[in-house]
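**Student:**
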Amino acid sequence: MSVLSFCGGRRPRVDSDLKAMVSRYSRFAGVVAVLALFLSVISTPILANTANFGSEVISGPSNMTLPVEVSAPTMGHPAAILTIPVPISVQSVTGDNIIAFQFNILYDPAMMNPFGPNFGCSTAGTISAAAGQSATCNVIIGEEGRLRVSVSGANALNGMGPVLNVTFQRVVAAPPPWSSPLTFEPGTVFFFRGGPMAGPVPVNVTNGQVTLLPPTSATAAISGRVTTSTGRGVQNAIMTITGGGLTSPRSARTGSFGYFSIDDLLVGETYVVTVNSKRYAFQTPSRIISLTDSVTDADFVADPEQ
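Listed below in structure tokens is the structure:
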């Protein structure tokens, strides 16, 4: 007897039943796969860009803080004075929990080079030192013109102002125009936050420049900072220097961090430095300075606001 006869002349439905079963299983497996993908997405933490600090990769949420503002100065310096102090500063980082930072600073090695221990780097007198942070700097042979900087410590930065001082020494035979950029190398500037939200934070940079002033007689500079009673820099204060051998007053405006510098003043003279601000008053608005070398601490503090 044939198979068809045994089945009553009809083809068995095994094939169609099997196809239906496979179709239902495929739809079920597809739903399971989509659900698994959704669960994996919502359970994965969202990370910001990572940055390599030393040997450890640190990452964190991308919306951690407003950008850190870090700047190098634009300054003149008498060519007669070999050493050139360069402060690297930040705007207020209070509450940002910054425990480390790193960057490369580019300069012209034909005009000046880092000078002194630790390639001229020091945190002494900065908000980094106040937080117990120390610096490690290096210039690799064959990479003259690139100063590598890393600063770290157990405590977070607090306040605003210099975070690093770098001492350069000018090249005696440096050719005119005697200027060097102070440029933060793109892709190397990282500030790191500690704590539960550890990771890199956004950074804005302001590059600077050092210009050597032509030698005359022995000259020096008077520089300093104007701050409020709470320590914030006073911008656009007018600094005026009179006296000495000046035939007319010399003036300069303070920058965004409150710093000023007036250069090319004859050594051996006595000058009067006066501050004037439209917004702030000063109990002691003038200082008398007998100039024997460059002065870097001609600082003024405004009276508390009423």
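This note's numbering puts the first residue of the sequence shown at 1, with every later residue one more than the last. Beta carbons are placed, not taken as given, at the ideal position from N, Cα and C, and that holds for glycine. In this text, all values refer to a predicted model and were calculated from it rather than measured experimentally.
So within the region 191 to 253, which uninterrupted beta strand (DSSP E) runs reach at least 3 residues, ignoring any that extend past its ends?
**Tutor:** Here the runs fully enclosed are 199 to 201, 203 to 206, 208 to 213, 219 to 227, 238 to 243 and 250 to 253.
**Student:** I need the DSSP call for A129, collapsed to helix, strand or coil.
**Tutor:** By one-based count along the sequence shown, residue 129 stands at place 129. Note: A129 maps to helix in three-state DSSP.
**Student:** Give a yes or no on contact between the region 261 to 280 and the region 191 to 202, applying the rule of three or more CB pairs nearer than 8 Å.
**Tutor:** No, the region 261 to 280 does not touch the region 191 to 202.
**Student:** Closer than 8 Å is the cut-off here; do at least three beta carbon pairs connect the region 167 to 177 with the region 130 to 145?
**Tutor:** At 8 Å Cβ cutoff, the stretches do not touch.
**Student:** Assuming A72 and F184 make a contact with CB atoms under 8 Å, what is their CB distance in whole Å?
**Tutor:** Position 72 of the sequence shown, counting from 1, holds the residue named residue 72. Position 184 of the sequence shown, counting from 1, holds the residue named residue 184. With a Cβ gap of about 7 Å, A72 and F184 count as contacting.
**Student:** If you count every other CB in all the chains shown that lies within 10 Å of the CB of R193, and 16 or more means buried, which is it?
**Tutor:** Position 193 of the sequence shown, counting from 1, holds the residue named residue 193. Looking at its Cβ environment, which holds 16 or more other Cβ atoms inside 10 Å, R193 is buried.
**Student:** Decide if R225 is buried, meaning its Cβ has at least 16 other Cβ atoms within 10 Å, or exposed.
**Tutor:** The count along the sequence shown starts at 1 and reaches residue 225 at position 225. Answer is buried; the Cβ neighbour count reaches 16.
**Student:** Across which residues does DSSP place Q169 in a beta bridge pair?
**Tutor:** Your numbering for residue 169 matches position 169 in the sequence shown. DSSP output for Q169 lists T83 and N113 as bridge partner(s).
**Student:** Would a C-beta distance cut-off of 8 Å place G233 and F257 closer than the cut-off?
**Tutor:** Residue 233 sits at position 233 when you count from the first residue of the sequence shown. Residue 257 sits at position 257 when you count from the first residue of the sequence shown. Closer than 8 Å, so yes.
**Student:** Would V166 pass as a contact of F103 if the rule is Cβ separation under 8 Å?
**Tutor:** Translated into the one-based positions of the sequence shown, residue 166 becomes position 166. Translated into the one-based positions of the sequence shown, residue 103 becomes position 103. No; because the gap between Cβ atoms is not below 8 Å, this pair is not in contact.
**Student:** Counting only the same chain and skipping the five closest in sequence on each side, list residues whose C-beta sits under 6 Å from that of T188.
**Tutor:** The residue given as residue 188 occupies position 188 in the sequence shown. Closer than 6 Å at the Cβ level, and outside the excluded window around T188, lie F103 and N104.
**Student:** What are the start and end residues of the beta strand (DSSP E) that includes E69?
**Tutor:** Within the sequence shown, the letter at position 69 stands for residue 69. First-last of the beta strand (DSSP E) with E69: V68 to S71.
**Student:** From the DSSP output, which residues share a beta bridge with N276?
**Tutor:** Stepping through the sequence shown from its first residue, residue 276 is reached at position 276. DSSP output for N276 lists I238 as bridge partner(s).
**Student:** Using three-state DSSP, classify G95 as helix, strand or coil.
**Tutor:** Sequence index remark: in the sequence shown, residue 95 carries index 95 (1-based). Reduced to three states, the DSSP call for G95 is coil.
**Student:** Would you mind reading off the limits of the beta strand (DSSP E) that contains D263?
**Tutor:** For the purposes of this step, residue 263 is taken as residue 263 along the sequence shown, with counting starting at 1. Its beta strand (DSSP E) spans residues Y259 to L266.
**Student:** Answer with buried or exposed for A281, where buried requires no fewer than 16 other C-beta atoms within 10 angstroms of its C-beta.
**Tutor:** Residue 281 sits at position 281 when you count from the first residue of the sequence shown. Exposed: under 16 other Cβ atoms inside 10 Å.
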